[in-house]
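Oh and the sequence shown: position 27 is 27 in UniProt numbering, straight run, nothing missing.
Note that CB positions come from ideal geometry on N, CA and C, so glycine has one too.
Step one of this worksheet: look at the structure below.
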Amino acid sequence: DVTPAIRRWVAHGQPNHGFVVEVVHLDNKSSVSKRHVRISRSLHQDDGSWSQIRPLLVTFGHDGKGHPLHRREKRQAKYKERKRHKSHCKRHPLYVDFNDVGWNDWIVAPPGYSAFHCRGDCPFPLADHLNSTNHAIVQTLVNSVNS
Numbered sequence: 001d002v003t004p005a006i007r008r009w010v011a012h013g014q015p016n017h018g019f020v021v022e023v024v025h026l027d028n029k030s031s032v033s034k035r036h037v038r039i040s041r042s043l044h045q046d047d048g049s050w051s052q053i054r055p056l057l058v059t060f061g062h063d064g065k066g067h068p069l070h071r072r073e074k075r076q077a078k079y080k081e082r083k084r085h086k087s088h089c090k091r092h093p094l095y096v097d098f099n100d101v102g103w104n105d106w107i108v109a110p111p112g113y114s115a116f117h118c119r120g121d122c123p124f125p126l127a128d129h130l131n132s133t134n135h136a137i138v139q140t141l142v143n144s145v146n147s
């Protein structure tokens, strides 16, 4: 039933996509007149056969009303939410200035270096794909004993 859509178009006067209906004869012969289309039962046709060959228009559309019946939650959404609140081990900047530590009298150049340090919870045992340094492995062992 397309009546509600047509009524909205007429009442609001907004642009719409309209309908395109193409009626094609089953025989699809060129001898069939294209000027007239009969959408009713023939006078010489019995009632039983009409139900099998009657014209049928089936349309699907979305008028913008309503909501999807069910919004599926993404599978990883809960995991990412938990992960966001955890403080996993990460590399943080740490600049060592040789002047600040009193090494500038015997180290001429460079004036310092980026040493970096790790902070946060380290998974134990460390996974093979992490390419852990010996220092990171020792730090992980110490942290696991202390906690």
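Please list the terminal residues of the continuous alpha helix (DSSP H) segment that includes Val10.
Run containing Val10: 3-12, per the alpha helix (DSSP H) assignment.
Given Ser87, which residues of its chain have a CB within under 7 Å of its CB, disregarding the five upstream and five downstream residues?
Excluding five sequence positions before and after Ser87, the CB atoms of its chain that fall closer than 7 Å to its own CB belong to Gly120, Asp121, given in chain order.
Residue interval of the beta strand (DSSP E) (run including Asp97):
Its beta strand (DSSP E) spans residues 95-97.
Give me the DSSP bridge partner(s) of Cys118.
The partner list for Cys118 (beta bridge, DSSP) reads Arg91.
Would you call the CB atoms of Ala115 and Leu94 closer than 8 Å?
Result yes, Cβ atoms of Ala115 and Leu94 sit closer than 8 Å.
Buried or exposed (CB count within 10 angstroms, at least 16 for buried), Thr140
Around the beta carbon of Thr140, 16 or more other beta carbons sit within 10 angstroms, so the residue counts as buried.
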